[in-house]
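Chemist: Order-wise, the sequence lines are chains A, B, C and D.
Count along the first sequence from 1, then add 2; that gives the number in my numbering.
Count along the second sequence from 1, then add 2; that gives the number in my numbering.
Count along the third sequence from 1, then add 2; that gives the number in my numbering.
Count along the fourth sequence from 1, then add 2; that gives the number in my numbering.
We put the beta carbon where it would ideally sit given N, CA and C, even for glycine.
One structure coming up, written as structure tokens, with questions to follow.
Protein chains: 4
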Amino acid sequence: MSESKGRVLLAYSGGLDTSCILAWLIEQGYEVYAFMADVGQEEDFEAARKKALAVGAKKFFLEDFKREFVTELIYPAVQANCIYEGVYLLGTSLARPVIARGMMAVADREGCDFVSHGCTGKGNDQVRFELAFYGLKPDIKVIAPWRIPEFYNRFAGRQALLQFAAEKSIPVTQTQAKPWSTDENLFHISYEAGILEDPNTTPPADMWKLTVAPEDAPTTPERISIEFERGLPVKVTVPAEGKDYTDPVDVFLKLNALARKHGIGRIDIVENRFIGVKSRGCYESPAATILRVAHMDIEGLTLDRNVRALRDQFLTFELSKILYNGHWFTPEREFIVSAIPASQRTVNGIVRLKLYKGNVVVEGRASDEGLYDEKQSSMDELGGFEPTDTTGFISIESIRIKKWAQANIRKGQAGIEPKDVYGTRV
Amino acid sequence: MSESKGRVLLAYSGGLDTSCILAWLIEQGYEVYAFMADVGQEEDFEAARKKALAVGAKKFFLEDFKREFVTELIYPAVQANCIYEGVYLLGTSLARPVIARGMMAVADREGCDFVSHGCTGKGNDQVRFELAFYGLKPDIKVIAPWRIPEFYNRFAGRQALLQFAAEKSIPVTQTQAKPWSTDENLFHISYEAGILEDPNTTPPADMWKLTVAPEDAPTTPERISIEFERGLPVKVTVPAEGKDYTDPVDVFLKLNALARKHGIGRIDIVENRFIGVKSRGCYESPAATILRVAHMDIEGLTLDRNVRALRDQFLTFELSKILYNGHWFTPEREFIVSAIPASQRTVNGIVRLKLYKGNVVVEGRASDEGLYDEKQSSMDELGGFEPTDTTGFISIESIRIKKWAQANIRKGQAGIEPKDVYGTRV
Amino acid sequence: MSESKGRVLLAYSGGLDTSCILAWLIEQGYEVYAFMADVGQEEDFEAARKKALAVGAKKFFLEDFKREFVTELIYPAVQANCIYEGVYLLGTSLARPVIARGMMAVADREGCDFVSHGCTGKGNDQVRFELAFYGLKPDIKVIAPWRIPEFYNRFAGRQALLQFAAEKSIPVTQTQAKPWSTDENLFHISYEAGILEDPNTTPPADMWKLTVAPEDAPTTPERISIEFERGLPVKVTVPAEGKDYTDPVDVFLKLNALARKHGIGRIDIVENRFIGVKSRGCYESPAATILRVAHMDIEGLTLDRNVRALRDQFLTFELSKILYNGHWFTPEREFIVSAIPASQRTVNGIVRLKLYKGNVVVEGRASDEGLYDEKQSSMDELGGFEPTDTTGFISIESIRIKKWAQANIRKGQAGIEPKDVYGTRV
Amino acid sequence: MSESKGRVLLAYSGGLDTSCILAWLIEQGYEVYAFMADVGQEEDFEAARKKALAVGAKKFFLEDFKREFVTELIYPAVQANCIYEGVYLLGTSLARPVIARGMMAVADREGCDFVSHGCTGKGNDQVRFELAFYGLKPDIKVIAPWRIPEFYNRFAGRQALLQFAAEKSIPVTQTQAKPWSTDENLFHISYEAGILEDPNTTPPADMWKLTVAPEDAPTTPERISIEFERGLPVKVTVPAEGKDYTDPVDVFLKLNALARKHGIGRIDIVENRFIGVKSRGCYESPAATILRVAHMDIEGLTLDRNVRALRDQFLTFELSKILYNGHWFTPEREFIVSAIPASQRTVNGIVRLKLYKGNVVVEGRASDEGLYDEKQSSMDELGGFEPTDTTGFISIESIRIKKWAQANIRKGQAGIEPKDVYGTRV
């Protein structure tokens with residue numbers, strides 16, 4: 003037998019694709035270690051372990067990243083209100099850094115010169131994984147079979163994979179493939195490809211896995227409250243249970259359970275992948291949807307206006323893009339994330355929510371932070387406010403506007419006449 | 003009788019405040035013309051006309067701005083996805099420019115040197131109105147009684163106003179004031195002040211006027227579709243009615259009716275006023291809520307990624323701030339708005355929606371624009387895509403990241419070890 | 003004698019204005035303490051002390067802020083490349099926070115309920131001082147005589163001040179006032195007002211105080227080098243002296259001396275004041291001009307591209323505005339400044355400069371940081387670079403551009419035909 | 003003889019590289035048409051034509067793009083103050099779109115399915131050219147020999163090229179190659195590679211071609227003035243010549259001549275290429291350096307503050323990046339550029355300049371636009387300004403700052419104590 007080409011750490015899922023990749027890598031002369039990350043997906047890890055070893059993996063690693071996924075990735079994203087293209091809450095993106103970091107740690111420890119994965123050549127995940135690898139271990143070598151012609155030409159189509167699996171005695175448990183692909187973790191599940199590639203196809207009712215349909219959710223609303231400290235959710239109170247949840251992971255999982263029950267968190271979007279291809283994705287992000295509403299609301303009460311504006315325009319926008327494009331282990335992420343704590347120092351308080359058939363309704367919020375001042379805000383009393391000050395304020399604010407208006411009038415370009423902007427479309 | 007101090011055009015609402023201001027201005031020696039704008043609010047304009055003239059207005063002007071409100075203000079805001087602090091859809095802000103412009107046109111035509119209004123000294127509307135006045139007619143003089151000590155000290159509290167009304171024979175129809183104030187137009191209604199000043203008070207169920215509660219909305223979903231041309235909603239199709247709506251105002255009003263029926267568009271927020279005071283507001287923005295979902299969705303299918311990102315970060319953000327702060331008639335609005343058409347040239351297509359108990363769910367979208375390419379996007383076929391290209395792409399993208407990682411490693415600052423960001427709150 | 007109205011801490015300059023304000027405050031019934039800050043301006047502090055006490059100040063405080071001015075304000079601004087409207091290096095703005103903080107510390111310690119200053123009612127400094135006061139000690143009361151009608155009407159014009167000075171036996175040393183005003187500190191001197199108010203007037207040659215004219219500077223260039231650590235200038239090497247400077251203040255003062263000698267750092271600008279008035283200012287910022295060139299250059303060698311871009315667009319821009327508008331003691335400054343350290347972690351290296359008749363010319367730079375890689379950059383060797391990767395990169399980068407171009411062609415809107423953009427002005 | 007593989011339009015320079023590429027393409031079986039663009043570089047076009055045809059080109063096209071280069075690319079960049087990484091004025095980037103557009107027009111007309119160029123695989127120009135090709139003619143096929151292994155491996159090193167040239171009878175006029183490469187057009191010349199790859203090497207004095215050294219420039223300053231209309235330079239007045247220049251190209255060329263004579267426009271920078279590699283470049287951009295100073299200055303007098311700020315932060319920044327990265331024929335350029343005219347409507351006026359030994363000194367500026375108001379700005383008279391208004395302005399501006407300060411004090415986090423930011427580096 004010829005000498006090994008080297009040791010490969012393979013991101014293994016237990017499915018057909020990565021099992022075939024495992025066998026193919028061995029066929030190519032590599033020694034393969036299989037790696038699985040538990041980021042909260044529903045999975046039979048023990049079965050996967052057995053399968054990997056049966057197919058020929060020399061070692062199998064299963065690592066539980068649920069806690070660091072929540073505390074190191076998800077909660078900073080909550081603090082920053084991260085969202086991509088106004089809709090997508092970044093569930094897949096957020097899991098990639100913890101998985102990649104875990105893989106690099108094992109690769110380091112176990113002396114693997116190569117890593118491999120089963121990501122396709124058109125998607126975001128290949129980029130997210132590989133940039134994360136390089137940002138941690140710049141000398142790692144990546145084998146991406148779905149971008150290697152000799153692999154993707156040989157295995158064009160599911161039938162070729164099934165035949166190879168049969169040759170290699172890879173057990174194929176899946177009787178019938180779903181007409182879409184999914185990626186799941188404790189934050190969300192994604193659906194894409196297959197029948198979803200027509201953006202005008204309504205997702206079938208039985209696709210959605212995590213949440214009930216709003217139509218099937220309870221007809222009675224449920225009230226909960228979430229307490230934030232420095233922008234982090236530190237307590238969820240569920241009156242119906244007479245219980246509080248304070249552990250970071252428990253908080254998230256409880257919100258997941260509540261949102262799933264009340265039909266909260268379904269998303270359907272045509273988004274722009276990092277490589278510039280438009281793509282249709284459906285997602286269920288139950289807890290994240292509640293947390294987004296609640297966190298943005300408590301910021302209304304506790305965050306200074308100018309900080310909020312700067313944070314929204316720069317930090318939220320850029321960090322969301324960084325996450326989506328897989329730029330977590332980069333200098334720009336280091337830079338952007340360094341500003342989160344200062345933005346959240348005052349974000350302390352409690353939000354009361356009503357959950358009902360897909361709706362997350364804020365019913366009230368409270369804080370000791372003191373940036374909101376009922377008397378000052380009041381329309382019924384002066385509360386220390388001098389209305390004449392506003393006259394000065396408006397007067398100063400209008401200085402440059404008046405100059406502009408005077409110039410317009412002098413040049414006959416004043417703006418009093420109506421103009422039908424709608425007509426511009428003709 | 004002494005000579006008049008000059009002619010004042012008063013923004014008149016027909017209510018107690020502006021009726022008293024009308025009488026007070028006359029008492030101060032001004033000749034007063036009353037002005038009302040029909041921006042779609044529910045109002046007995048004829049009663050208001052009679053009242054104004056009865057109180058002593060020399061002339062009364064009622065102008066219908068509904069169409070220009072929709073076509074010149076609302077639809078550009080829809081094209082730009084305008085929103086303030088992530089939640090507020092700017093309904094009051096959007097109406098101010100058309101009203102202010104109408105007033106300046108009348109002031110010009112009728113030779114009024116002064117304008118007056120009943121806005122309080124703590125709110126946004128005084129700023130929005132006055133900056134708009136100055137941006138159109140920089141020599142206009144503004145009388146803002148609620149910022150004049152001799153007025154606001156005299157009329158501190160509703161009782162003083164009622165007494166003055168009695169003295170001046172101003173009919174007071176309102177039997178019982180609501181414990182909040184409202185501002186209504188065809189876009190929305192706002193609720194603030196009174197009991198809402200405690201941000202932890204849940205708005206009473208009978209406050210909401212325009213929409214039914216999601217709990218009371220129909221149990222059967224309703225499907226509609228909206229067609230966009232250059233980002234403008236040009237057709238609403240309502241299968242249940244077997245009807246299409248294509249007139250700009252009809253489109254908006256029909257969406258209002260549909261959203262009201264399905265409990266769509268309620269907002270509750272603590273927002274930051276232009277003057278720097280935090281304030282709690284509740285809003286109902288029915289049609290606008292549907293249009294926002296639909297327009298953002300069709301942009302997913304039809305707008306280039308980079309245009310979308312730049313538009314979101316700059317145009318959307320800045321135009322929303324401009325609107326909120328009453329900077330419509332300013333050079334920065336002229337600048338920002340000039341970029342809308344180029345951002346919407348390709349935004350053509352149809353969105354299919356499901357309306358159900360507060361939810362606006364996208365069920366599909368289609369466009370002939372061609373930026374989405376099912377084959378190219380597909381995970382099942384190459385569609386002209388060379389997977390090896392992505393290898394080059396990732397390789398180039400990783401150049402600077404690897405350099406950074408190498409430097410980190412050299413300096414012992416590599417990022418493989420886990421770090422509990424959540425712990426930073428302690 | 004009536005009871006005192008309270009104790010005022012007056013920002014005292016020793017000049018005619020603040021001496022008259024001192025006397026006037028006493029006349030108004032206040033007890034006045036005089037405060038002077040040494041921020042490096044050329045001043046006879048002892049004479050000022052005597053004068054203040056002679057006019058009637060109960061106490062006199064002189065505090066030396068030169069070091070904290072350099073280390074807490076100037077160097078962070080250097081790290082962030084702060085500049086206002088592309089030209090102004092913010093010398094006056096940078097001094098205000100240290101002075102204001104010093105005053106609030108004394109006001110606290112000495113039990114002053116009031117502070118006062120001699121800033122005019124149209125300028126930036128009143129705003130910068132007062133917002134800084136309120137950001138530190140929100141209950142402080144400010145007396146700004148130049149905004150109090152009874153003061154500014156009484157003292158309209160220099161003659162009235164001179165007469166009052168004579169009445170109050172205030173010694174007036176200045177024989178002939180210059181036809182402009184100045185503000186000086188170790189960072190810069192500003193010139194404004196008077197003959198400079200015509201923006202088309204060339205500043206007279208004898209106005210410039212700190213720097214020689216480039217025409218009069220040495221005809222022989224001088225070489226120096228500056229070493230940066232984390233973006234801070236930690237060493238200046240002056241070969242002509244055979245000396246290094248490493249103390250933070252010494253570094254700055256040595257660069258000042260070198261720049262003054264070589265005619266470096268003159269600025270002439272029409273800028274936009276915070277209150278919206280355009281204003282013409284001339285400045286000499288010698289050391290700051292050299293540091294700006296050097297710091298930006300070393301960042302080219304040592305700072306990641308994406309960090310630089312984000313920092314330029316957001317941090318540099320916003321911090322410059324914050325400084326100019328006097329928003330140092332605000333939540334937005336706390337937020338923005340928190341991101342500086344992460345942006346400067348890799349900014350380590352040495353820049354070699356030539357100083358010659360107004361020019362600061364970079365002649366070379368070096369760093370051990372390793373983000374620049376001569377081999378990788380080289381056009382003469384591959385240096386580990388695979389040119390084929392770029393083909394993949396361009397291919398991926400062009401995906402969305404091709405889609406856009408195809409749509410343009412389909413719609414007959416392709417861009418091949420020339421278009422004279424210059425013609426748009428007609 | 004075998005059939006042709008197709009017709010290639012080659013971007014031909016007349017130099018060794020593209021002559022060898024020409025011969026190699028013929029060797030590979032292509033029919034080659036040679037294309038040269040006159041963008042103002044110093045070149046013997048007739049000699050190049052003869053050479054191209056001698057080497058085997060079937061046709062030769064020379065197109066003069068000087069005017070459209072100036073009016074369609076350079077002047078919009080002047081209007082937008084474009085600059086990359088604070089230093090580079092984008093001279094090479096600006097020429098690429100006109101050349102690429104010219105090539106696509108010829109390719110269309112002459113039925114060329116392929117284009118080819120001599121750009122290296124590590125630089126920006128390959129990307130700029132090819133993305134421009136694809137943005138205009140998405141079905142064009144590009145042959146980039148320096149990215150094709152069989153080419154770059156065969157011609158590794160200048161010696162191999164010289165030998166191939168000898169084989170193919172390609173005349174090699176260059177006796178001694180300079181130890182750097184250059185790219186020249188009427189805007190600038192660039193120097194890179196070779197000895198410049200060490201960023202600490204000072205460029206040799208004889209490298210600089212367009213400008214005299216400041217040391218060798220005239221000892222007498224020269225005064226000129228530039229008039230702008232809508233941000234475009236429409237007249238240059240040169241008193242020393244008693245002449246005005248008004249033609250767009252003449253204006254630019256005259257400023258070039260003046261700047262070259264006075265040693266203006268040298269740049270030395272380590273910049274970040276689009277592909278993520280840091281690279282050292284030296285440039286001479288004579289006219290552009292003068293225009294940048296003048297245009298920014300006239301904007302100070304004539305452009306509204308808020309427009310300027312938004313334009314600086316977004317338009318200037320993004321358009322500079324778009325130009326640098328070769329994204330001219332893209333939707334984002336279409337979007338961004340659409341906002342230029344509204345930003346320049348008021349930019350009308352004259353700037354007076356002194357040119358002296360590398361310095362461009364503004365000596366005054368004037369405009370009829372009226373946004374600057376000498377009386378309003380004046381420190382010596384009120385000019386219609388009410389100083390009490392500023393009290394109101396500051397009071398309103400301080401509302402949220404006081405709230406923040408009160409909260410800080412309540413939490414013991416007030417900011418009065420000094421903090422040595424400089425110390426953070428330790």
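Can you tell me where the beta strand (DSSP E) with residue 39(A) in it begins and where it stops?
Modeler: Segment 32-40, the beta strand (DSSP E) holding residue 39(A).
Chemist: At a Cβ threshold of 8 Å, is residue 182(A) touching chain D?
Modeler: So, not an interface residue.
Chemist: Mind checking residue 85(A): buried by the 16 CB within 10 Å criterion, or exposed?
Modeler: That one is buried.
Chemist: Taking C-beta pairs closer than 8 Å, name the residues in chain A that residue 348(B) reaches, listed in chain order.
Modeler: In chain order: nothing, as chain A lies at least about 12 Å away.
Chemist: Does DSSP put residue 366(A) in a helix, a strand or coil?
Modeler: Strand.
Chemist: Given the structure, does residue 332(B) come close to the ligand GDP, in the sense that its CB is under 7 Å from one of the ligand's heavy atoms?
Modeler: Looking at this structure, you won't find the ligand GDP or any other ligand, since it has none at all.
Chemist: Verify the CB distance criterion: does residue 99(D) have a CB-CB separation below 8 Å to chain B?
Modeler: No, because no Cβ of chain B sits closer than 8 Å to the Cβ of residue 99(D).
Chemist: Can you tell me whether residue 245(C) is buried or exposed, with buried defined as 16 or more other CB within 10 angstroms of its CB?
Modeler: By the neighbour-count rule (16 or more Cβ atoms within 10 Å), residue 245(C) is not buried but exposed.
Chemist: Just to confirm the assignment: which complete alpha helix (DSSP H) runs, minimum length 4, are found wholly within the stretch 113-156 of chain D?
Modeler: Counting whole runs of 4 or more residues, the stretch 113-156 of chain D contains the alpha helix (DSSP H) stretches 127-138 and 151-156.
Chemist: Looking at the unbroken alpha helix (DSSP H) that takes in residue 274(A), where does it start and where does it end?
Modeler: That residue, residue 274(A), is in no alpha helix (DSSP H); its beta strand (DSSP E) goes 268-274.
Chemist: When you compare each of 265(D), 324(D) and 41(D) to residue 134(D) by their alpha carbons, which one comes out closest?
Modeler: When each option's Cα is compared against that of residue 134(D), the closest is 324(D).
Chemist: Is the beta carbon of residue 300(C) closer than 8 Å to that of residue 260(C)?
Modeler: No, they are not a contact pair.
Chemist: Evaluate residue 286(D) with the Cβ neighbour count: other Cβ atoms within 10 Å of its Cβ, from every protein chain shown; 16 or more gives buried, anything less gives exposed.
Modeler: The residue in question, residue 286(D), is buried, as its Cβ has 16 or more Cβ neighbours within 10 Å.
Chemist: Just list the residues that DSSP pairs residue 316(D) with in beta bridges.
Modeler: Note: residue 316(D) sits in no beta bridge, so no partner.
Chemist: Which partner residues does residue 28(B) have in the DSSP bridge list?
Modeler: Answer is none; residue 28(B) lacks a bridge partner.
Chemist: Please give the ranges of any beta strand (DSSP E) in the stretch 55-124 of chain D, keeping only runs that are unbroken, at least 3 residues long and fully inside the region.
Modeler: Taking only runs of at least 3 residues, the beta strand (DSSP E) segments lying wholly in the stretch 55-124 of chain D are 61-66 and 116-118.
Chemist: Can you give me the Cβ contacts of residue 63(D) inside the same chain, cut-off strictly under 6 Å, excluding the 5 residues immediately before and after it?
Modeler: These residues qualify, in order along the chain: 37 and 108.
Chemist: First and last residue of the beta strand (DSSP E) that includes residue 291(C)?
Modeler: Element bounds for residue 291(C): not the beta strand (DSSP E) but the alpha helix (DSSP H), 288-304.
Chemist: Could you name the residues that DSSP lists as bridge partners for residue 354(C)?
Modeler: 227(C) and 366(C).
Chemist: Going by other Cβ atoms of all chains shown within 10 Å of its Cβ, with 16 needed for buried, is residue 346(C) buried or exposed?
Modeler: Residue 346(C) should be labelled buried.
Chemist: Could you tell me which uninterrupted alpha helix (DSSP H) segments, each at least 4 residues in length, are contained entirely in the stretch 169-250 of chain D, listed from first to last along the chain?
Modeler: Segments of the alpha helix (DSSP H) lying fully in the stretch 169-250 of chain D: there are none.
Chemist: Name the chain A residues that come within less than 8 Å of residue 409(D), Cβ to Cβ?
Modeler: Within 8 Å Cβ-Cβ: 348, 371, 372 and 373.
Chemist: Pick from 204(A), 59(A), 90(A) and 141(A): whose alpha carbon is nearest that of residue 367(B)?
Modeler: Out of 204(A), 59(A), 90(A) and 141(A), 204(A) has the C-alpha closest to the C-alpha of residue 367(B).
Chemist: Please determine, among 27(A), 237(A), 42(A) and 47(A), the residue with the shortest C-alpha to C-alpha distance to residue 17(A).
Modeler: It is 47(A).
Chemist: Who pairs with residue 280(D) in a beta bridge, going by DSSP?
Modeler: Beta-bridge pairing links residue 280(D) to 274(D).
Chemist: What are the start and end residues of the beta strand (DSSP E) that includes residue 347(B)?
Modeler: Where residue 347(B) is concerned, there is no enclosing beta strand (DSSP E), given that its DSSP letter is neither H nor E.
Chemist: Taking the alpha carbon of residue 303(C) as the point to measure from, which residue in 349(C), 264(C) and 318(C) has its own alpha carbon closest?
Modeler: Taking only the C-alpha atoms, the option nearest residue 303(C) is 349(C).
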